[in-house]
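There are 2 protein chains.
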Amino acid sequence: MTLHSPLHAQLYEEMLRRIRSGEWCAGEKVPSEKSLIAEFGTSRGPVRQALATLRAEGMIVGGRGAPPRVHRTAPHQSFDTFMSFTEWARELGMTPGQKVIERVKLPATEEIARELQIAPDDPIVEIIRVRLLGDKPAMLERSLFPYEVGRHLLRVDLDNGSIYQTLARAEVVPVRAKHIIDAIPAHPLEAEQLHVDQGAPLLRVRRIAYGSTGAVIETADDRYLPAMTSFVVENSADHSMPLARQAVGAA
Amino acid sequence: MTLHSPLHAQLYEEMLRRIRSGEWCAGEKVPSEKSLIAEFGTSRGPVRQALATLRAEGMIVGGRGAPPRVHRTAPHQSFDTFMSFTEWARELGMTPGQKVIERVKLPATEEIARELQIAPDDPIVEIIRVRLLGDKPAMLERSLFPYEVGRHLLRVDLDNGSIYQTLARAEVVPVRAKHIIDAIPAHPLEAEQLHVDQGAPLLRVRRIAYGSTGAVIETADDRYLPAMTSFVVENSADHSMPLARQAVGAA
Numbered sequence: 000m001t002l003h004s005p006l007h008a009q010l011y012e013e014m015l016r017r018i019r020s021g022e023w024c025a026g027e028k029v030p031s032e033k034s035l036i037a038e039f040g041t042s043r044g045p046v047r048q049a050l051a052t053l054r055a056e057g058m059i060v061g062g063r064g065a066p067p068r069v070h071r072t073a074p075h076q077s078f079d080t081f082m083s084f085t086e087w088a089r090e091l092g093m094t095p096g097q098k099v100i101e102r103v104k105l106p107a108t109e110e111i112a113r114e115l116q117i118a119p120d121d122p123i124v125e126i127i128r129v130r131l132l133g134d135k136p137a138m139l140e141r142s143l144f145p146y147e148v149g150r151h152l153l154r155v156d157l158d159n160g161s162i163y164q165t166l167a168r169a170e171v172v173p174v175r176a177k178h179i180i181d182a183i184p185a186h187p188l189e190a191e192q193l194h195v196d197q198g199a200p201l202l203r204v205r206r207i208a209y210g211s212t213g214a215v216i217e218t219a220d221d222r223y224l225p226a227m228t229s230f231v232v233e234n235s236a237d238h239s240m241p242l243a244r245q246a247v248g249a250a
Numbered sequence: 000m001t002l003h004s005p006l007h008a009q010l011y012e013e014m015l016r017r018i019r020s021g022e023w024c025a026g027e028k029v030p031s032e033k034s035l036i037a038e039f040g041t042s043r044g045p046v047r048q049a050l051a052t053l054r055a056e057g058m059i060v061g062g063r064g065a066p067p068r069v070h071r072t073a074p075h076q077s078f079d080t081f082m083s084f085t086e087w088a089r090e091l092g093m094t095p096g097q098k099v100i101e102r103v104k105l106p107a108t109e110e111i112a113r114e115l116q117i118a119p120d121d122p123i124v125e126i127i128r129v130r131l132l133g134d135k136p137a138m139l140e141r142s143l144f145p146y147e148v149g150r151h152l153l154r155v156d157l158d159n160g161s162i163y164q165t166l167a168r169a170e171v172v173p174v175r176a177k178h179i180i181d182a183i184p185a186h187p188l189e190a191e192q193l194h195v196d197q198g199a200p201l202l203r204v205r206r207i208a209y210g211s212t213g214a215v216i217e218t219a220d221d222r223y224l225p226a227m228t229s230f231v232v233e234n235s236a237d238h239s240m241p242l243a244r245q246a247v248g249a250a
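Residue numbers (numbering that gives the first Met the number 0), protein chains in the order written: chain A, 0 to 250; chain B, 0 to 250.
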């Protein structure tokens, strides 16, 4: 069979390429319809349809009065932005916030020790925070650190700063992370802190972050309000990438 | 600060590298503890701990009688395996199944037309299926195809085969896809088909699949039982990859 790409799809691909390559910069105005029509030598319809698709995908924002701009969070996010809720919110132009629920030094259980690659009963630091976007709760975050890492977090003001920025000042920097994404019902603590009913669906991301030596520097369990946040990933036949669907308990 | 990588973490990294590189093949037996101890010149403890970590991450399966083997679904999955529930289940060594709930040709609404990059009222094909792992329901899948693609699916026996395999025979092959992952409560149809209570948390993956010409060949909305499936993704500071956390409605 033949499946010709319609003109608007070709324009879409070209505009998407420009956004991805940075030729059209994040946050900048999108060229006017008039200039795009002139450049591509097409009629108004396909240009509008290509722009509408990019808008539907969130690659372009604004319109209806405001000039359309390239979205600041096009699907390629830097590792730092993806890892840090604080940096992510700032890039979005929103004010990140946090409220520390718990910060405690305690001995590792067997399971936690295995995850953090330390010995059982070795000390760890546990931090539980509610993360806010603007003034609204968006996520409950529970992070565990080996004491050697977490000790840098015991005395700083976590209500006004990023854990990763604090760790970076101590030269602890994550360079690789694994994220396991699923859904779970809200438990009492999440229901209270995120203002939802118990049992309401939350998007859970469990993370293991590795430092430059390969050692685990953090394991985390982030529970997002799905009304506030989703995750986007692209893959293709050309490029192998570390993305997998996995059967729960199949291991 | 110094953050020395303990010996077991170094062994873990080396074994992980071997699994990733294919030096240790998926599905094959892991070398014996004895041979690893001899090769690395270490004591039994660190070797065991490295193996335990790989087992906890699902990179190694078996043990307790059965010889440990490299998991067939290490986090790198091929594009085809990630896209096709059927191929994925088979790679896991499980029997994929499906039950067609609905298969219908109908005109595109405005929203669907925009997503499929066609004109409103153009014909589309909608297919709703329950997907099974073994005999257990795992996911409810709702796929929409432009008629030019979906017409190949109207008369085939979908209870005994893969949609993607059928499309491949018609030379329609996805080469790129975008996946948006979040969580939602089960609605009546999902509750009935997946045997859960209404409102139970489901893991939702919305997918847009593109063919080689850049045209959209499918949009899908897959709702997984989180007790059966999760998604895993890895990222690193070295490699940019198309992964993003996104604020819902921020566009």
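C-beta: ideal position from N, C-alpha, C; glycine also. Just so it is clear, the structure is predicted and the values come from calculations on it, not from any experiment.
Kindly indicate which residue of the options has the alpha-carbon position closest to the one of residue i.
i, options, result
"E27 of chain B", "B:R205, B:I18, B:D158, B:F81", "B:I18"
"V69 of chain A", "A:E90, A:S83, A:F81", "A:E90"
"C24 of chain A", "A:E114, A:E86, A:I59, A:E32", "A:I59"
"G160 of chain B", "B:A49, B:A236, B:V148, B:R128", "B:R128"
"V99 of chain A", "A:L139, A:M93, A:I117, A:K135", "A:L139"
"T165 of chain B", "B:P173, B:R175, B:H151", "B:H151"
"S83 of chain A", "A:L224, A:D237, A:M240, A:E217", "A:E217"
"S77 of chain B", "A:A88, A:D237, A:A246", "A:D237"
"Q9 of chain B", "A:I117, A:I180, A:D156, A:E86", "A:I117"
"V247 of chain A", "B:T228, B:A246, B:R54", "B:T228"
"P200 of chain B", "B:Y223, B:S235, B:G213", "B:Y223"
"I251 of chain A", "A:G40, A:I162, A:P241, A:F230", "It is not possible to answer for residue 251 of chain A, since the shown part of chain A is limited to 0 through 250."
"K135 of chain A", "A:S4, A:S235, A:G213, A:L193", "A:L193"
"P225 of chain B", "A:L53, A:D181, A:R130, A:A169", "A:D181"
"P241 of chain B", "B:L202, B:I179, B:K33", "B:I179"
"T52 of chain B", "A:P187, A:V172, A:V171, A:E110", "A:E110"
"S4 of chain B", "A:P30, A:L105, A:G92, A:V171", "A:V171"
"S235 of chain B", "A:A107, A:G213, A:Q245, A:N234", "A:G213"
"V29 of chain A", "A:E147, A:R54, A:A167", "A:R54"
"E147 of chain A", "A:E189, A:M93, A:P122, A:A167", "A:P122"
"R130 of chain B", "B:F39, B:T41, B:E189, B:G40", "B:E189"
Would you tell me roughly how many angstroms separate the C-alpha atoms of residue i and residue j, rounded to the nearest one?
i, j, result
"L132 of chain B", "E22 of chain A", "45 Å"
"V215 of chain B", "V195 of chain A", "37 Å"
"A243 of chain B", "V232 of chain A", "6 Å"
"L153 of chain A", "E191 of chain B", "49 Å"
"R43 of chain A", "A37 of chain A", "10 Å"
"P119 of chain B", "T80 of chain A", "38 Å"
"T72 of chain A", "P66 of chain B", "Here the model assigns T72 of chain A a pLDDT of 46, short of 50, so the residue's position is not dependable and the matter cannot be decided."
"Y209 of chain A", "E12 of chain B", "11 Å"
"L50 of chain B", "P145 of chain A", "20 Å"
"L105 of chain A", "L202 of chain B", "33 Å"
"E101 of chain B", "F230 of chain B", "27 Å"
"L2 of chain B", "S31 of chain B", "Low local confidence applies: a pLDDT of 47 at L2 of chain B is under 50, so the model's placement there is unreliable, with the coordinate-based value given in what follows. Those two C-alpha atoms are separated by around 30 Å."
"P95 of chain B", "P187 of chain B", "24 Å"
"Q245 of chain B", "M14 of chain A", "21 Å"
"T41 of chain A", "A167 of chain B", "33 Å"
Counting only the same chain and skipping the five closest in sequence on each side, list residues whose C-beta sits under 6 Å from that of residue i.
i, result
"A219 of chain B", "S142, R206"
"L35 of chain B", "V46"
"K177 of chain B", "I207"
"S211 of chain A", "V174"
"D48 of chain B", "Going by the sequence as given, residue 48 of chain B is Gln instead of Asp. The residues are H7."
"D221 of chain B", "M138, E140, V204"
"V155 of chain B", "T165"
"E114 of chain A", "T218"
"W87 of chain B", "T80"
"A252 of chain B", "Since the first residue of chain B shown is 0 and the last is 250, residue 252 of chain B is not available in this structure."
"G149 of chain A", "V124"
"V103 of chain A", "E125"
"T85 of chain B", "P95, S161"
Suppose the cutoff is 7 Å on Cβ atoms and the five residues either side in sequence are ignored; what does the same chain contact list for residue i look like?
i, result
"G198 of chain B", "P184, A185"
"D158 of chain B", "Q97, K98, V99"
"R16 of chain B", "none"
"A112 of chain B", "A118, P119, D121"
"A107 of chain A", "L115, I117, P119, D120, D121, I123"
Inset, instruction - Give, in chain order, every residue of the segment 93 to 111 of chain B whose Cβ lies closer than 9 Å to some Cβ of chain A. - result: M93, E110
Legend entry - Near-chain B residues of the segment 168 to 196 of chain A (beta-carbon distance less than 7 Å), N- to C-terminal order: A169, E170, V171, V174, R175, A176, K177, H178, I179, I180, D181, A182, I183, P184
Legend entry - chain A contacts made by the segment 123 to 157 of chain B, where a contact means CB separation under 7 Å: L132, E147
Inset, instruction - Scan the segment 213 to 228 of chain A for residues whose Cβ lies nearer than 7 Å to a Cβ of chain B and list them as they occur along the chain. - result: G213, A214, P225, A226, M227, T228
Legend entry - Contacting positions in the segment 78 to 94 of chain A - beta carbon closer than 9 Å to chain B: F78, D79, T80, F81, M82, F84, W87, A88, L91, G92, M93
Inset, instruction - Could you name the residues of the segment 18 to 51 of chain B whose beta carbon sits closer than 7 Å to any beta carbon of chain A, in the order they occur along the chain? - result: A51
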